[in-house]
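Visitor:
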Amino acid sequence: MRLRALLETDALGLRLLGGDDELDRTVRGVMTTDLRDPSRYLSGGELVLTGLAWRRGADDSEPFVRILASAGVVGLAAGEAELGDIPDDLVLACERHRLPLFAVNEDVAFATITEHVVRQVSGERAGDLAAVVDRHRRLMTSGPAGGGPEVVLDLLGSDLDLRAWVLSPTGRRIAGAGEPLPPGAGAVLAAEHLAATRTGRRGPHRATVRGTTYSLFPIRNAGRGAAPASRDVRETVLSDWLLAVEADASDWPAARLDLLQGVTQLIAVERDRRDAARTVRRRLAQEVLELVQTGAPPAEIAARLRVAAPVLLPGLGTAPHWQVVVARVDWDARGGSPVEAGPAAQSLLEEILVDPVDPGSEAADRIAVAQTGTEAVALVPLPAAGPAGVSPDDAGHGEAGLGEEGRAGEPEPGQDGAGLHADALLAAVRETLSAGLADDGRLTLGVSAAVHSAEGLRGALEEARHARRVAAARPGRVCAAGHHELASHVLLLPFVPDDVRRAFTARLLDPLRDYDRRHRAELIETLEAFLDCDGSWTRCATRLHLHVNTLRYRVGRIEQLTGRDLSRLEDKLDFFLALRMS
């Protein structure tokens, strides 16, 4: 459709403020945003709708419009509900960049315009599409949140008898109508979708789980539509939602496929709204991170945390502990072209830190994630539990228990087991995300210990970053490490060069392996058990079901073949490290 057609539809309530000579531009999609820089969500050809929440002053209009024009946006529609009249500085900026500008009457919902454009761009559709979209438009305009994705899915079920679910990249259910997916099915479907996307196949993708066939439709941020060939799919594959429909779409008519594509665009509008709402938490995290990294006084950091606590912990009467989680996504370069991985890492970390069994697209509302370069840093609040927690009334801890004094370290007694654990995070997402990372991507995570003071955050940040570097030294597409590993030999082993590892282990263990191959003597197994039993002859013999004299013979053979003495601590340590590095 062309921009001119928007003015010919009275129900849209659009008034042209400038750009009448550019109205023959073709609209290929629509996007709603109040981000100051929405460029990463634009692919060109969009009509952008904005409520002007990004505008704090007259100087903000020029950079915003310049970003839209550079991205190939065909028009801008600004709502009058926020400021009343459209500011002159925005009108002038659009004139300078030859960007058509429309004013949207405050009585008209953006959802009405979005769905009109979706219908027109998709062309004439079957009667079921008209019914679903019209009913959804009425429901969306009835409230500020538009009813959420559940509204669309309910309509698919009631009007078309289609069961559908919105899933995150890790397979967590974000929305669904009726019965939930079978346990574990969401993760399998997400992995199938990620793998298919990485191979370049166009959706919908077909997958079968436990005898049931599903069709998987990508849900990309509004306005992106089908990303152009120039955009690297790796920038978005780990952050996009998907729509799983319990049906085989391979034999659907074009009208039915158009319907589902339109539904994904409607859900994408809601995704954009929720991403915009997350901006406040991201900004809080960014401000705290900058203060911590620049060595700001603990009092200043504590003041910022007192501002953040009500946003991240609404209604809770106890003070939180905090943990820091650092994530990084790395991609192998293709043809020397770098992949922008920072925004994807930020979005992905927000998803990873949500309980995988917690449904709902708002479940990450208590998690603030900042982005710095290719790294994402999460500030995770952990409410104090019971009498072991720090009371808001405790001396020196201010309103939120985040005073100037305090020490970094483990939670108070009674907090053991609370908080995030690297192994649990890894287990929840490793298999699914590995499909999206394929053979050229890596996700590494580092988790700090919990701290209960502003002073402790700098140490927690360094701890999480160091743990992530430990994880990065390990093999695998998705790796994580926690703070407990930083006080162990595990910290050192990943950084030993491969040639040193091979030489060290070969010198100590190859004679034993060769002897085992020739005589089936199980010397390696005996050595491992002996060290694991702290050199106790009785416990080791019991574990291996051997007589103590047989065990003594085997240990003597190990010492003879290697020239080492297993009664000496130094030799025990060398064997222990050799076994860990082998």
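For the sequence shown, the positions run 27 to 608 when this note's numbering is used. Even glycine gets a Cβ: it sits at the ideal position worked out from N, Cα and C. Predicted model, so just to flag it, every value in this text is computed and none were measured.
Can you tell me whether DSSP reads Met607 as helix, strand or coil?
Guide: The sequence position of residue 607 within the sequence shown is 581, counting from 1. DSSP places Met607 in helix when its eight states are reduced to three.
Visitor: Just list the residues that DSSP pairs Cys559 with in beta bridges.
Guide: Here residue 559 corresponds to residue number 533 of the sequence shown, with the count starting at 1. The partner list for Cys559 (beta bridge, DSSP) is empty, contrary to what the question assumes.
Visitor: Suppose you measure from the CA of Arg300 to the CA of Arg569; what does that come to, to the nearest Å?
Guide: Reading the sequence shown from its first residue, position 274 is the one you call residue 300. Reading the sequence shown from its first residue, position 543 is the one you call residue 569. Cα-Cα distance, rounded: 56 angstroms.
Visitor: Report yes if the C-beta distance between Ala448 and Glu489 is below 9 angstroms; otherwise report no.
Guide: For the purposes of this step, residue 448 is taken as the residue at position 422 of the sequence shown. For the purposes of this step, residue 489 is taken as the residue at position 463 of the sequence shown. Taking 9 angstroms as the Cβ cut-off, Ala448 and Glu489 do not qualify as a contacting pair.
Visitor: What runs of the alpha helix (DSSP H), each 4 residues or longer, lie entirely inside the segment 97-149?
Guide: You should have 114-122 and 136-148.
Visitor: How about Val352 and Ala402: do their beta carbons lie closer than 9 angstroms?
Guide: Position 326 of the sequence shown, counted from the first residue, corresponds to residue 352. Position 376 of the sequence shown, counted from the first residue, corresponds to residue 402. The answer is yes: Cβ separation under 9 angstroms.
Visitor: Please determine, among Thr262, Arg232, Ala303 and Leu292, the residue with the shortest C-alpha to C-alpha distance to Ala270.
Guide: Taking the first residue of the sequence shown as 1, we reach residue 270 at position 244. Looking at the Cα atoms, Arg232 is the closest of the given residues.
Visitor: Going by DSSP, what residues sit across from Tyr67 in a beta bridge?
Guide: Counting from 1 along the sequence shown, the entry for residue 67 is found at position 41. None; Tyr67 has no bridge partner.
Visitor: What span of residues does the alpha helix (DSSP H) with Ser373 cover, start to end?
Guide: Stepping through the sequence shown from its first residue, residue 373 is reached at position 347. Where Ser373 is concerned, the enclosing alpha helix (DSSP H) stretches over Gly368 to Ile378.
Visitor: What's the gap between the Cα of Lys598 and the Cα of Leu592?
Guide: Walking along the sequence shown from the start, residue 598 turns up at place 572. Walking along the sequence shown from the start, residue 592 turns up at place 566. Cα to Cα, the separation comes out at about 6 angstroms.
Visitor: Using a Cβ-Cβ cut-off of 7 angstroms (strictly less than) and excluding sequence neighbours within five positions of Gln66, which residues of its own chain qualify?
Guide: For the purposes of this step, residue 66 is taken as residue 40 along the sequence shown, with counting starting at 1. The sequence given here places Arg at residue 66; Gln does not occur at that position. Here the set comprises Pro369.
Visitor: Expressed to the nearest angstrom, what Euclidean distance is found between the alpha-carbon atoms of Asp298 and Phe601?
Guide: For the purposes of this step, residue 298 is taken as residue 272 along the sequence shown, with counting starting at 1. For the purposes of this step, residue 601 is taken as residue 575 along the sequence shown, with counting starting at 1. Taking the straight line joining both Cα atoms gives about 56 angstroms.
Visitor: Is Ser87 helix, strand or coil when you go by DSSP?
Guide: Translated into positions along the sequence shown, residue 87 becomes position 61. Three-state result, Ser87: helix.
Visitor: So Arg308 and Ala394 are in contact, right, with Cβ under 8 angstroms, and what is the actual spacing, rounded?
Guide: Reading the sequence shown from its first residue, position 282 is the one you call residue 308. Reading the sequence shown from its first residue, position 368 is the one you call residue 394. With a Cβ gap of about 6 angstroms, Arg308 and Ala394 count as contacting.
Visitor: What distance in whole Å lies between the Cβ atoms of Val74 and Thr59, which are believed to be in contact at a cut-off of 8 angstroms?
Guide: Translated into the one-based positions of the sequence shown, residue 59 becomes position 33. Translated into the one-based positions of the sequence shown, residue 74 becomes position 48. With 8 angstroms as the limit, Thr59 and Val74 qualify as a contact, their Cβ atoms being about 6 angstroms apart.
Visitor: Taking the alpha-carbon positions, what's the Asp277 to Arg495 distance?
Guide: The residue labelled residue 277 in the question sits at position 251 within the sequence shown. The residue labelled residue 495 in the question sits at position 469 within the sequence shown. So the two alpha carbons sit approximately 48 angstroms from each other.
Visitor: Which one or two residues does DSSP pair with His347 in a beta bridge?
Guide: Reading the sequence shown from its first residue, position 321 is the one you call residue 347. Bridge partners of His347: Leu408.
Visitor: Let me know the alpha helix (DSSP H) ranges lying completely inside the segment 178-238, each 4 residues or longer, listed in chain order.
Guide: Runs of the alpha helix (DSSP H) inside the segment 178-238: 211-224.
Visitor: Given a cut-off of 9 angstroms, decide if Arg468 and Val574 are closer than it, judged by their beta-carbon atoms.
Guide: Within the sequence shown, residue 574 is the residue found at index 548, counting from 1. Within the sequence shown, residue 468 is the residue found at index 442, counting from 1. Not a contact, by the Cβ cut-off of 9 angstroms.
Visitor: For Gly153, is the classification buried or exposed, using 16 other Cβ atoms within 10 angstroms of its Cβ as the cut-off for buried?
Guide: Counting from one through the sequence shown, the residue named residue 153 turns up at place 127. Interpretation of Gly153 is limited by its pLDDT of 47, a score under 50 that renders its predicted location unreliable; no figure is taken from the coordinates.
Visitor: Contact between the segment 220-240 and the segment 456-468: three or more CB pairs below 8 angstroms?
Guide: Enough Cβ pairs lie closer than 8 angstroms, so yes.
Visitor: Less than 9 angstroms separating the beta-carbons of Phe530 and Ala604?
Guide: Counting from one through the sequence shown, the residue named residue 530 turns up at place 504. Counting from one through the sequence shown, the residue named residue 604 turns up at place 578. Yes. Within cutoff.
Visitor: Roughly how many whole angstroms lie between the Cα atoms of Gly70 and Arg124?
Guide: Along the sequence shown, one-based indexing puts residue 70 at 44. Along the sequence shown, one-based indexing puts residue 124 at 98. C-alpha separation (whole angstroms): 15 angstroms.
Visitor: From Val318 to Gly485, what distance separates their C-alpha atoms?
Guide: Locating residue 318 in the sequence shown gives position 292, where the first residue counts as 1. Locating residue 485 in the sequence shown gives position 459, where the first residue counts as 1. Approximately 9 angstroms, taken between the alpha carbons.
Visitor: Could you give the first and the last residue of the continuous beta strand (DSSP E) run that contains Ala394?
Guide: Here residue 394 refers to the residue found at position 368 when the sequence shown is read from its first residue. Its beta strand (DSSP E) spans residues Ala394 to Thr398.
Visitor: Any idea what DSSP makes of Ala79, helix, strand or coil?
Guide: Counted from its first residue, the sequence shown places residue 79 at position 53. DSSP places Ala79 in coil when its eight states are reduced to three.
Visitor: Go ahead and pull the three-state DSSP assignment for Leu40.
Guide: Within the sequence shown, residue 40 is the residue found at index 14, counting from 1. Correct three-state label for Leu40: strand.
Visitor: Could you tell me which residues DSSP pairs with Leu268 in its beta bridges?
Guide: Sequence index remark: in the sequence shown, residue 268 carries index 242 (1-based). Answer is Leu193 and Pro244.
Visitor: Considering Gly467, what are the terminal residues of the beta strand (DSSP E) in which it resides?
Guide: Reading the sequence shown from its first residue, position 441 is the one you call residue 467. That run of the beta strand (DSSP E) goes Gly467 to Val473.
Visitor: Give the secondary structure of Glu72 by DSSP, where H, G and I count as helix, E and B as strand, and everything else as coil.
Guide: Here the question's residue 72 lines up with position 46 in the sequence shown. Strand, per DSSP.
Visitor: What is the DSSP secondary structure of Thr167, reduced to helix, strand or coil?
Guide: Here residue 167 refers to the residue found at position 141 when the sequence shown is read from its first residue. In this prediction, Thr167 scores a pLDDT of 44, lower than 50, which makes its location untrustworthy; the coordinate-derived value is nonetheless stated afterwards. It is coil, neither helix nor strand.
Visitor: Does DSSP put Glu481 in a helix, in a strand, or in coil?
Guide: Working through the sequence shown from its first residue, we reach residue 481 at position 455. Correct three-state label for Glu481: coil.
Visitor: Identify, in the order they occur along the chain, each residue of the same chain with its Cβ nearer than 8 angstroms to the Cβ of Val91, setting aside the five sequence neighbours on each side.
Guide: Start at 1 with the first residue of the sequence shown, and residue 91 comes out as number 65. Within the same chain, Val91 has close Cβ partners Leu102, Leu116, Ala119, Cys120, Arg122, His123 and Leu125.
Visitor: Would you please state the rounded distance, in angstroms, between the beta carbons of Ser460 and Arg503? I believe it to be under 8 angstroms.
Guide: Here residue 460 refers to the residue found at position 434 of the sequence shown. Here residue 503 refers to the residue found at position 477 of the sequence shown. Rounded, the Cβ-Cβ distance is 4 angstroms, consistent with contact.
Visitor: Please classify Thr234 as buried or exposed, where buried requires at least 16 neighbouring CB atoms within 10 angstroms.
Guide: For the purposes of this step, residue 234 is identified with residue 208 of the sequence shown, where counting begins at 1. That one is exposed.
Visitor: How would you label Ala171, buried or exposed, when you count the other beta carbons within 10 angstroms and need 16 or more for buried?
Guide: Counting from 1 along the sequence shown, the entry for residue 171 is found at position 145. Low confidence applies to Ala171: its pLDDT is 43, below 50, so where it sits in the model is not reliable, and the reading given next is rough at best. Counting Cβ neighbours within 10 Å, Ala171 comes out exposed, since fewer than 16 surround it.
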